[in-house]
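A.B. asks: Just so you know, the sequences run in chain order A and B. Add 483 to a position in the first sequence, counting from 1, and you land on the number used in our numbering. Add 483 to a position in the second sequence, counting from 1, and you land on the number used in our numbering. Every residue, glycine too, gets a C-beta built ideally from N, C-alpha and C. One structure follows; several queries about it will come next.
Number of protein chains: 2
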Amino acid sequence: MPRTGLTAAEIKKKAIDATVAAMREEGFDKVRLTDVAKQLGVSHAALYLHFKDKTALLDAVSERWLVEIDESLDAICRKQGKEPTEKMLAWMLTLHRAKRAKVLHDPELYKSFDLLANAQKPYVQQHMSTLMAQLVGLVREAIAARRLRGADPDKMAEILWEGMMAFHHPKLVAQHLDEKREPLLRLVLESMLKGLALKTD
Amino acid sequence: MPRTGLTAAEIKKKAIDATVAAMREEGFDKVRLTDVAKQLGVSHAALYLHFKDKTALLDAVSERWLVEIDESLDAICRKQGKEPTEKMLAWMLTLHRAKRAKVLHDPELYKSFDLLANAQKPYVQQHMSTLMAQLVGLVREAIAARRLRGADPDKMAEILWEGMMAFHHPKLVAQHLDEKREPLLRLVLESMLKGLALKTD
DNA sequence: TAAGTTACAAACTATGGTTGTTGTAAGTTA
DNA sequence: TAACTTACAACAACCATAGTTTGTAACTTA
Chain A
484 MPRTGLTAAE IKKKAIDATV AAMREEGFDK VRLTDVAKQL GVSHAALYLH FKDKTALLDA
544 VSERWLVEID ESLDAICRKQ GKEPTEKMLA WMLTLHRAKR AKVLHDPELY KSFDLLANAQ
604 KPYVQQHMST LMAQLVGLVR EAIAARRLRG ADPDKMAEIL WEGMMAFHHP KLVAQHLDEK
664 REPLLRLVLE SMLKGLALKT D
Chain B
484 MPRTGLTAAE IKKKAIDATV AAMREEGFDK VRLTDVAKQL GVSHAALYLH FKDKTALLDA
544 VSERWLVEID ESLDAICRKQ GKEPTEKMLA WMLTLHRAKR AKVLHDPELY KSFDLLANAQ
604 KPYVQQHMST LMAQLVGLVR EAIAARRLRG ADPDKMAEIL WEGMMAFHHP KLVAQHLDEK
664 REPLLRLVLE SMLKGLALKT D
């Protein structure tokens with residue numbers, strides 16, 4: 484019965500695509516639902532069948548990106564036969580690069596993400612707990628491989644997370660765009676890993 | 484010949500005091516030079532004899548606070564006969580608490596400071612290099628006391644600084660006001676110190 | 001009945017004129 | 001002549017209102 488001939492999932496995807504295009508074009512705080520709808524060839528009211536309100540549509544853009552990050556990090560976690568601490572470095576580097584790349588060549592999208600950083604949106608929470616679960620997993624592996632020592636992997640992951648904040652937090656990533664921070668990232672991570680390789684409980 | 488009967492330094496200090504009061508009262512972005520001048524019993528134009536422009540006056544407020552921090556941290560560095568790593572913990576805790584206290588009970592002043600965080604004002608640069616010099620000093624002491632090992636104290640201080648960013652950066656401090664972060668701060672610092680106690684060059 | 005429309009009210013934003021603030025130049029006083 | 005004032009121009013904040021955009025309800029179609 485849809486006159487567009489598309490399923491709900493398809494039109495949702497297209498709506499998000501059009502929103503991304505509008506953000507890039509006009510800036511994220513100047514996106515108009517009426518323009519997005521025009522792109523899809525429907526009336527603006529039709530968008531409300533798929534998204535609760537404008538915020539939900541904008542959120543969907545960030546959510547898509549966060550899920551992409553989750554997945555590329557998950558791919559690293561799943562890799563077999565690699566040193567757990569090397570995987571952890573790869574994980575941290577990938578996260579750092581993802582944020583850096585975003586702010587560099589998609590600043591308008593990054594802005595919307597940046598504003599979200601302190602927001603208590605459920606999908607941001609979800610993203611955070613996915614990341615923490617992955618990191619805890621890597622810590623457990625490292626403990627199993629005798630590369631780390633300690634009784635509380637959750638706490639160890641939290642320590643690593645906080646210590647690496649300088650390389651992940653939106654504001655801080657944006658602040659150091661012109662510098663090559665990867666060698667420093669490596670050094671910070673290595674010093675923490677060495678410390679956590681001794682007894683830490 | 485001054486009709487106020489005050490020296491330049493005195494009136495400068497009073498102007499900063501009045502600006503602080505105005506910020507607390509009205510919010511930092513609503514400070515009016517005319518009100519500040521009224522407090523001092525002079526015309527607003529008189530302020531231009533002591534401050535280049537409004538920005539310079541607002542900056543003076545932040546600068547005063549940054550210098551206070553520099554001094555209280557310096558007091559820690561100067562303390563004799565204490566373990567260097569304990570001093571470093573005290574230093575990090577004091578910096579963390581200073582920022583936390585500011586945002587808690589002087590949010591309007593903190594806001595102005597927060598905006599400055601990425602700004603390239605010379606007195607902010609000055610503050611940063613003072614802090615780094617202090618931290619390098621603590622690292623050198625710790626190396627001398629065989630608590631740390633490594634050939635490059637500057638790099639080690641940088642590592643420690645970046646690793647502790649989560650507890651010092653204005654945005655991050657403001658984001659975790661409701662939590663007790665000191666135990667975590669301690670754990671992050673300890674793990675880095677342990678790592679840096681092994682060979683790191 | 002899910003996917004859409006049109007039509008309309010409420011909320012927001014852009015505009016332009018008015019008022020208030022900032023910054024400067026020329027003048028005043030101890 | 002340093003510390004200040006008054007007077008004024010340039011600029012920014014404020015406020016009313018006209019114009020858009022957002023969100024909803026009642027209606028249409030495959």
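When DSSP labels each residue in this structure, what does L660/A get in the three-state scheme?
C.D. replies: Three-state DSSP puts L660/A in coil, outside helix and strand.
A.B. asks: Can you give me the Cβ contacts of L679/B inside the same chain, cut-off strictly under 8 Å, excluding the 5 residues immediately before and after it?
C.D. replies: If we look at L679/B and ignore the five residues flanking it on each side, its Cβ neighbours are L631, R632, G633, M639, I642 and L643.
A.B. asks: Is V622/B close to chain A? Criterion is C-beta to C-beta, closer than 8 Å.
C.D. replies: Not one chain A Cβ lies under 8 Å of V622/B.
A.B. asks: Does the segment 606 to 620 of chain A come close enough to the segment 516 to 533 of chain A that 3 or more CB-CB pairs lie under 8 Å?
C.D. replies: No, the segment 516 to 533 of chain A does not touch the segment 606 to 620 of chain A.
A.B. asks: So with Cβ pairs under 8 Å, would you call M484/A a contact of chain B?
C.D. replies: With a pLDDT of 48 at M484/A, under the threshold of 50, the modelled position of this residue cannot be trusted, and the question is left open.
A.B. asks: For D661/A, count neighbouring Cβ atoms within 10 angstroms of its own Cβ and tell me buried if that reaches 16, exposed if not.
C.D. replies: Answer is exposed; the Cβ neighbour count stays below 16.
A.B. asks: Where does D589/A sit, in a helix, a strand or coil, going by DSSP?
C.D. replies: D589/A: coil per DSSP, three-state reduction.
A.B. asks: Can you find a CB in chain A that lies within less than 8 Å of the CB of L598/B?
C.D. replies: For L598/B, the answer is no, since every Cβ of chain A falls outside 8 Å of its Cβ.
A.B. asks: Assign S674/B to one of three DSSP states: helix, strand, or coil.
C.D. replies: Helix.
A.B. asks: Helix or strand or just coil, what does DSSP make of D557/B?
C.D. replies: Three-state result, D557/B: helix.
A.B. asks: What three-state label does DSSP hand G524/A in the structure shown?
C.D. replies: Coil, per DSSP.
A.B. asks: Can you tell which of K585/B, Q608/B and E673/B has its C-alpha closest to the C-alpha of V656/B?
C.D. replies: Among K585/B, Q608/B and E673/B, the Cα nearest to that of V656/B is on K585/B.
A.B. asks: Pull up the distance between the alpha-carbon of K496/B and that of H579/B, whole angstroms please.
C.D. replies: So the two alpha carbons sit approximately 27 Å from each other.
A.B. asks: Unbroken alpha helix (DSSP H) runs of length 4 or more, entirely within the segment 569 to 646 of chain B: which are they?
C.D. replies: Segments of the alpha helix (DSSP H) lying fully in the segment 569 to 646 of chain B: 590 to 599, 605 to 627 and 636 to 646.
A.B. asks: If you reduce the DSSP assignment to three classes, tell me which class F650/A lands in.
C.D. replies: Helix.
A.B. asks: Would you grab the beta carbon distance between S595/B and F511/B for me? Rounded to a whole angstrom, and I think it's under 8 Å.
C.D. replies: Their Cβ separation, rounded to whole angstroms, is 4 Å, which keeps S595/B and F511/B in contact under 8 Å.
A.B. asks: What residues from chain A crowd round A649/B, counting only those whose CB sits closer than 9 Å?
C.D. replies: Within chain A, the residues near A649/B are W644, E645, G646, M647, M648, A649 and H652.
A.B. asks: Identify which residue in I499/B, E493/B, C560/B and A491/B has its Cα closest to the Cα of G620/B.
C.D. replies: Comparing Cα-Cα distances from G620/B to each of I499/B, E493/B, C560/B and A491/B, the minimum goes to C560/B.
A.B. asks: Going along chain B, which residues have a C-beta under 8 Å from M675/A?
C.D. replies: Residues of chain B passing the Cβ test: G646, V671, S674, M675 and G678.
A.B. asks: Please state whether DSSP places L681/A in a helix, a strand or coil.
C.D. replies: Coil.
A.B. asks: Which residues of chain B have a Cβ atom closer than 8 Å to the Cβ of L667/A, listed in chain order?
C.D. replies: Result: E641, I642 and E645.
A.B. asks: Under 7 Å Cβ to Cβ from A520/B, same chain only, skipping five residues before and after it: list those, please.
C.D. replies: Hits under 7 Å: S526, H527, A529 and L530.
A.B. asks: Counting contacts by CB-CB distance shorter than 8 Å, is L681/A in contact with chain B?
C.D. replies: So, interface residue.
A.B. asks: Once DSSP output is grouped into helix, strand and coil, what is the label at D500/B?
C.D. replies: Three-state result, D500/B: helix.
A.B. asks: Quick one: which chain B residues come within Cβ less than 7 Å of Q658/A?
C.D. replies: By Cβ distance, chain B contributes N601.
A.B. asks: According to the Cβ coordinates, are L676/B and K677/A closer than 8 Å?
C.D. replies: Contact: no.
A.B. asks: Is L572/A closer than 8 Å to L667/A when the C-beta atoms are compared?
C.D. replies: No, the Cβ-Cβ distance between L667/A and L572/A is not below 8 Å.
A.B. asks: Could you tell me the alpha carbon to alpha carbon distance between M648/A and G646/B, rounded to whole angstroms?
C.D. replies: Whole-angstrom Cα-Cα distance: 7 Å.
A.B. asks: Does any C-beta atom of chain B lie closer than 8 Å to the C-beta of L532/A?
C.D. replies: No, no contact with chain B.
A.B. asks: By the criterion of Cβ-Cβ separation under 7 Å, what are the contact partners of L631/B in chain A?
C.D. replies: Going along chain A, no residue has its Cβ under 7 Å from L631/B, so there is no contact; the nearest lies around 10 Å.
A.B. asks: With 16 as the cutoff for other CB atoms within 10 Å, does T568/A come out buried or exposed?
C.D. replies: It is buried - the Cβ of T568/A has at least 16 other Cβ atoms within 10 Å.
A.B. asks: Got a sec: is the Cβ-Cβ distance from L655/B to anything in chain A below 8 Å?
C.D. replies: Answer yes: the Cβ-Cβ gap between L655/B and chain A drops below 8 Å somewhere.
A.B. asks: When you compare each of H610/B, G524/B and D518/B to I552/B by their alpha carbons, which one comes out closest?
C.D. replies: Residue H610/B is the option with its Cα nearest to I552/B.
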